[in-house]
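Notes follow the structure.
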Amino acid sequence: MSFPFLRKSSMGMSMDSGNTSFLHFGDIISLYTEETADLRGFLSTLGLVDDRCIVELRDGRPESPPKKFRDCLFKVCPVNRYAAQKQFWTEQKRFLSGESTFDDDMMHKLRIAAEKEKEQNELEFRKTQGNVIQYGTTVQLLHVKSDKYVTVQKNSPAKCERNAMKVYLDRAGNEGSWFIIEPAYKHYVIGDSVAAGNKISLVPYSVNNQPSAGHVKHQLHLSHCLLKDHQTAAEVNCLNESTEWQVYMFLLFNENQPDIVKSGDVVRLFHADQQTFLTLDAVPKTCPPQDVVFLRMTNRPSAADATSSRALWEVQVVQKDAYRGGAAKWREYYRFKHLATDMYLTAVPATSPVKPATNGRRASLMHMNKSKGTLERTKAEFLAPPALYADGPESTEECSSSSTFFLVPVKSDFPEADKKLLFSLDPGTMPKNKDVPTKSYVRLQHDATNTWVHATNASEKQNLYYSSKNEKGWVRVICENSRVDKETFALLPVSPNEVRDLDFANDACRALRNFIRHIKSGDPVTKESINVTIQLLIECIFFVTNTTNHMMDPLQINDFSPSRDRQKLLREQEVLDQVFQLLKAPFMPRQGVTEIGPLLSSPSDLSEQRNEVFKTMFQLCYSLLRYSQVSYRKNQEFLAEKFGQIQEQIGFDLLAEDTMTAVLHNNPKLLEKYVKTPHIERFVELVRNNRLGKFLDYLADLCVCRGEANKKVQELICNSVLSERHRDIFMETKLINDEVHIGWMGQQPRRLVDLAESATYSTADAEFLDYYRHQLDLLAQMCQEQQYLAIDPPPERKLLNISQQLPAELVLKCMSDARLPSEVRASFTRLMLHLHVVRGSPLSAIRHARLWADIPNEVKVQSYKTTSVEGYSDGGRARVGDQFATDVLNTVESYLDSLRHSHPSGPVLHKDAASVCTNKLTHEMVTLAKALAQFGYYTFDDLLTLTENLLNIVDTSPHSAQTELFCEPIPARTVSHGMTMIHRVTQSMIGGRPRMVDSKSVEKTSMEDTVKAKESRQLLVKTKLIVAEILQFVMDVRRDYRITMALSWFKQNFPCDEHGVLNHTANINERMAHELYEAIYQSSGHELHLDGGDGQLLLAILMQMTMSDYPPLTSIALKVLFRHFTQYQELLEDLKQVQLLVSSDDVENYRQVDRDLFILKNLTEKSELWVHGDRHHSIDGKEHDKDEKT
1 MSFPFLRKSS MGMSMDSGNT SFLHFGDIIS LYTEETADLR GFLSTLGLVD
51 DRCIVELRDG RPESPPKKFR DCLFKVCPVN RYAAQKQFWT EQKRFLSGES
101 TFDDDMMHKL RIAAEKEKEQ NELEFRKTQG NVIQYGTTVQ LLHVKSDKYV
151 TVQKNSPAKC ERNAMKVYLD RAGNEGSWFI IEPAYKHYVI GDSVAAGNKI
201 SLVPYSVNNQ PSAGHVKHQL HLSHCLLKDH QTAAEVNCLN ESTEWQVYMF
251 LLFNENQPDI VKSGDVVRLF HADQQTFLTL DAVPKTCPPQ DVVFLRMTNR
301 PSAADATSSR ALWEVQVVQK DAYRGGAAKW REYYRFKHLA TDMYLTAVPA
351 TSPVKPATNG RRASLMHMNK SKGTLERTKA EFLAPPALYA DGPESTEECS
401 SSSTFFLVPV KSDFPEADKK LLFSLDPGTM PKNKDVPTKS YVRLQHDATN
451 TWVHATNASE KQNLYYSSKN EKGWVRVICE NSRVDKETFA LLPVSPNEVR
501 DLDFANDACR ALRNFIRHIK SGDPVTKESI NVTIQLLIEC IFFVTNTTNH
551 MMDPLQINDF SPSRDRQKLL REQEVLDQVF QLLKAPFMPR QGVTEIGPLL
601 SSPSDLSEQR NEVFKTMFQL CYSLLRYSQV SYRKNQEFLA EKFGQIQEQI
651 GFDLLAEDTM TAVLHNNPKL LEKYVKTPHI ERFVELVRNN RLGKFLDYLA
701 DLCVCRGEAN KKVQELICNS VLSERHRDIF METKLINDEV HIGWMGQQPR
751 RLVDLAESAT YSTADAEFLD YYRHQLDLLA QMCQEQQYLA IDPPPERKLL
801 NISQQLPAEL VLKCMSDARL PSEVRASFTR LMLHLHVVRG SPLSAIRHAR
851 LWADIPNEVK VQSYKTTSVE GYSDGGRARV GDQFATDVLN TVESYLDSLR
901 HSHPSGPVLH KDAASVCTNK LTHEMVTLAK ALAQFGYYTF DDLLTLTENL
951 LNIVDTSPHS AQTELFCEPI PARTVSHGMT MIHRVTQSMI GGRPRMVDSK
1001 SVEKTSMEDT VKAKESRQLL VKTKLIVAEI LQFVMDVRRD YRITMALSWF
1051 KQNFPCDEHG VLNHTANINE RMAHELYEAI YQSSGHELHL DGGDGQLLLA
1101 ILMQMTMSDY PPLTSIALKV LFRHFTQYQE LLEDLKQVQL LVSSDDVENY
1151 RQVDRDLFIL KNLTEKSELW VHGDRHHSID GKEHDKDEKT
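Heads up: the sequence shown at position 194 corresponds to 194 in this note's numbering, and the numbers run straight through without jumps.
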């Protein structure tokens, strides 16, 4: 170490060296204290999961700083102002608890004021950066690693030394973060400049410091008390005892440039030629774990996207003084420290042969400038190494000479003295100056062996440390004597936030591991240690969900966009692995002096009051696992491999089942791979033991993935749930005296209507009815997409036949019974859809293949049918009978009609929490109406009535606009008037925002209401989406109708005989074209406008839909809007595609093929060879077209 008295003489000459310079705002420093030989160390912290300030005793000195020196670095900042922020924080707490008198507008103003104050603080920092600090100056110390301020909490005692004040790290800081720099010795006075190497006292500004003579001020103080949970560290607090802190410069303000590599920077080393990152990881399935350095190959399209937290390296610029950092210069010495493991890069002699990457030039080219004799000697001496890099087959020879070294990781207790860790940087291109810019290309030279870092041939298996199905390959890295041009690495900078995230994940993993070790040790588990772990799990949840409002319930975070990088970190840094260990630890025997029994004997113990804290901990663990897999396949696979462990803890209210179903919900491959019969049986047992509806929901969730039925899992569930063994988990439904009764098997059934009435005041009846509703939902999911094992199973399977248990008449009766709750009616409506309506294939709305003989002479809307119903057709009406079809249609129509007229003033649908049940029923009714339309239940006339009702139901414009539209007796309007109305509607939506924002009161109500309001909004937008899809379908039917009209007009005007020969020559002219146009568009008047008027309401509602924040709705609304204005073009395109069959032979052949195809299709669908056809077009419809084209 360089002593101060030796440096004093050179102070004026080397002001920029940093070790003898003055202290400035913006400098990064470390603070060292040495009271005794044992009580000494740097001011430090316990990582990012602990806010305490400590001094790690006897861990490093200025000549050999501690391993975790990043924990000891602080940036000197000017004082921030906190008045506006403090007011905002105070009022926000009151506002969220409902105690504030401020309204939304005032809170918004406070928020803006706080943000303005932050901007002013940043501006102040930029202005003062580089100013010399004098004694008496007030500063703030920003901990670089955690980005938090050292802060004194005046009203809180320290944890160990109770007569002192608490010192901690605060994210934003406050007035307690202000410290006055005072001299430790009397030969300095207030106003003198502070120099690096001086000893100072840090006096908090917020503490009243008016001491009487001879008394010491309160200051940042090193306590003699050791931390109870960290015996090698002493507490730092605030006490009126002096502690001298020596200032050591790490980085000067002018060295700390963002575009230059410097000490403490974290980089990724990206091999430019192989497009891979230099990574350190443990080879899987090695015991003990073998850490290796390699270039990780990836399957990603862009290799630069394959970022891993295992590929982060800290740059250490080697300086004369070990505590000093600096800006990187070319051809100086560096150490590369792996951020996650604290291991260093070095080179060791090769222990096995390798095949280097083939290069386009000889390695010995550098020797060519020597004399002839030297050249010959060089050839003889380096005969083998040049061959390694020669072109052609010789380059594949193995290299195992002593000149080859492996790049490996190594731990080092005293890196400052270890020359084997030193590397120098050689520029890839001609440098502009001595500084090393970020993102520059460099070659790495190992100093001790004088070798250069090279990649090896990735295609050779012997060069791979590891490869598997998921890992393309870990390529060995070597060091050789030759400097090869292409062996360059890009120094890609890593943002401080990303490094901070890695530090947090690392520290969280270590803290969890220590707690698990504490449980296993057999020592008493204190309430404090449990609470610390619970707080850590909550922090991890906020971390992975990117939640800034830390007052939220961590178990109820619904609206969040997960951070993929943070999800990845939790897996890579083994946090998720430790969470699974934590879920096992309390149930395992503990190792004390003798073996002790486990903390808890089984998961059922968690329901006891004394184990409430453990239950909370387990719920947080499963919530963290659930949040960490959202929209991230790799984490989903990681969790799926642990299903065996998760399944053991299902059914104890630990949220384990929620986690399991969340993992599988949107991943069909995982669903099929990991869900087997035992998993289904376990859920069925839970249903039997608990009789709770939510367990039926878990089974229902497994049936459907991404909105589509998963046939394989559906079959597993049907075979299990509908078997005779499990018949007892279902309630029976019976029709007695024209009233629906439900009840458990073998018990007296009760009237459904009576149950619905008593459920309003009886909790038991409410749970009974809730279970029945979930049962209906499960049955509907099991029947989805025509699963015949549920709808109509073969008798030999001995499965419950749902269509016999719940016949169409019974389901129809329940869904139309207004005495039942809306939610129960919605469940019956959904069951009706999947069990009785969706059968066979949906009908094609447009038919381009026509029989000339079948074209009518007169076309009317009232009598027009979308398709000709043949005797063998599987259209809905033909299968269920006309009477039932009429009853279903009447039920849907009467519901929609009554809903339309239920709100004569204002919008029909509401998005508040109270309307969620009504919206659910409306959504199911509209979904059913869509299926009824597609499966041929509706005539064209009925479809027009349906669309008119639906448009009025989803209309959210003010009532005045509607009355103006429907009540004004004006026969026609100008386009400008219509556009004015649309403009007014859209303005009302935009202008209506303040009224919607008034729902801020939702924040003051319970979380449950917030969730319901969100569900209500989602149902509303999904209902609008289905209405838009129905509009699409009806437009197709209208196209078909117009094709028929056009063909009918041709048939009337150009008669022909039975062989298709015209009776007289056709004479097409402009007049006839005009007549055709009038026949199709003018004669029909307004009956083909979908809103029952002149089309303006349709346009207004489509405009409303396009302004939705739900992309699928916006997209389909735009399509319908464009189609509305391209009706003529559509008809012209259709007429070009129409194909007519005229001769009797062709007609007969066509009908025979059509009939045979229908029979074949039915046989295939009813068999167990599940054919997945296009769900939106019938198979026979496609075959018609194909047959006609042939």
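We put the CB at the ideal spot given by N, CA and C, even for glycine.
Within this structure, are the beta carbons of K520 and R590 separated by less than 8 Å? yes
Would you call the segment 136-156 and the segment 78-88 touching, i.e. three or more CB-CB distances under 8 Å? yes
For the pair the segment 456-467 and the segment 228-241, tell me if three or more CB-CB distances fall below 8 Å. no
Taking only runs of the alpha helix (DSSP H) that begin and end inside the segment 648-718, which ones reach a length of at least 4 residues, in chain order? Runs found: 656-665, 668-674, 677-690 and 693-703.
Just the C-alpha distance for K262 and D281, rounded to the nearest angstrom, thanks. Here the C-alpha atom of K262 lies approximately 25 Å from the C-alpha atom of D281.
To the nearest angstrom, report how far apart H834 and R688 are at their CA atoms. 25 Å
Per DSSP, which residues does S30 bridge with? Please list them. In DSSP, S30 forms a bridge with Y248.
Between P284, L655, R331 and K199, which has its C-alpha nearest E695's C-alpha? For clarity, residue 695 is Phe in the given sequence; the question names Glu instead. When each option's Cα is compared against that of F695, the closest is L655.
Can you give me the C-alpha to C-alpha distance between Y334 and L202, rounded to a whole angstrom? 34 Å
Count the other CB atoms within 10 Å of the CB of A853; is the residue buried (16 or more) or exposed (fewer)? exposed
Give the secondary structure of R81 by DSSP, where H, G and I count as helix, E and B as strand, and everything else as coil. Collapsing the DSSP output to three states places R81 in coil.
Give the list of continuous alpha helix (DSSP H) stretches no shorter than 4 residues that lie fully inside the segment 582-652. DSSP assignment within the segment 582-652 yields the following whole alpha helix (DSSP H) runs of 4 residues or more, N-terminal first: 612-628, 633-640 and 643-648.
Where the alpha helix (DSSP H) containing L943 begins and where it ends: F940 to V954
Given that a residue counts as buried once 16 or more other Cβ atoms are within 10 Å of its Cβ, and exposed if not, what is V926? buried
Neighbourhood of S607 by C-beta, 8 Å cutoff - its chain only, sequence neighbours within 5 removed: For S607, where only same-chain residues beyond five positions count, the Cβ hits under 8 Å are K615, F652 and D653.
Which residue's Cα is closest to the Cα of L712: E1133, E785 and H1074? Just to set this straight, residue 712 is Lys in the shown sequence, not Leu. Nearest in C-alpha terms to K712, of all of E1133, E785 and H1074, is E785.
Reduced DSSP secondary structure (H/G/I, E/B, other) of H1074: helix
Expressed to the nearest angstrom, what Euclidean distance is found between the alpha-carbon atoms of L464 and W474? 5 Å
Using the rule of at least 16 other Cβ atoms within 10 Å of the residue's Cβ for burial, across every protein chain shown, is V1194 buried or exposed? Residue 1194 is absent from the model: the chain starts at 1 and stops at 1190.
CB contact flag (A272, Y441, <8 Å): yes
Taking contact to mean at least 3 C-beta pairs separated by less than 8 Å, is the segment 494-512 in contact with the segment 42-49? The segment 494-512 vs the segment 42-49: in contact.
Using 8 Å for Cβ pairs, my map puts I855 next to L1047. What's the rounded Cβ distance? 5 Å
On the DSSP bridge list, what partners appear for A234? V55 and L226
Can you list, in chain order, the residues of its chain whose CB lies under 7 Å from that of F1033, leaving out five sequence neighbours each side? A845, A933 and Q934
Taking the CB atoms as reference points, tell me whether L407 and A347 lie closer together than 8 Å. yes
For D426, the first and last residue of its enclosing beta strand (DSSP E): Boundaries of the beta strand (DSSP E) harbouring D426: F423 to P427, taken from the DSSP string.
I need the boundaries of the beta strand (DSSP E) containing T927, first residue and last residue. Not the beta strand (DSSP E): T927 falls in the alpha helix (DSSP H), residues V916 to Q934.
Tell whether a beta-carbon distance below 8 Å holds between A1079 and W1049. yes
So for G743, helix, strand or coil by DSSP? strand
Please classify G936 as buried or exposed, where buried requires at least 16 neighbouring CB atoms within 10 angstroms. buried
Cα-Cα separation between Q578 and A37, rounded to whole angstroms: 38 Å
Which listed residue (M782, E498, D941 and I534) has its alpha carbon closest to that of V1037: V1037 has its Cα closest to that of D941, out of M782, E498, D941 and I534.
Residue ranges of each beta strand (DSSP E) within the segment 734-786, 3 or longer: Taking only runs of at least 3 residues, the beta strand (DSSP E) segments lying wholly in the segment 734-786 are 739-743.
Cross-strand partners of I181 (DSSP beta bridge): L202
Answer with buried or exposed for C814, where buried requires no fewer than 16 other C-beta atoms within 10 angstroms of its C-beta. Label assigned to C814: buried.
By a C-beta neighbour count over all protein chains shown, 10 Å radius and 16 as the cutoff for buried, is R571 buried or exposed? Around the beta carbon of R571, 16 or more other beta carbons sit within 10 angstroms, so the residue counts as buried.
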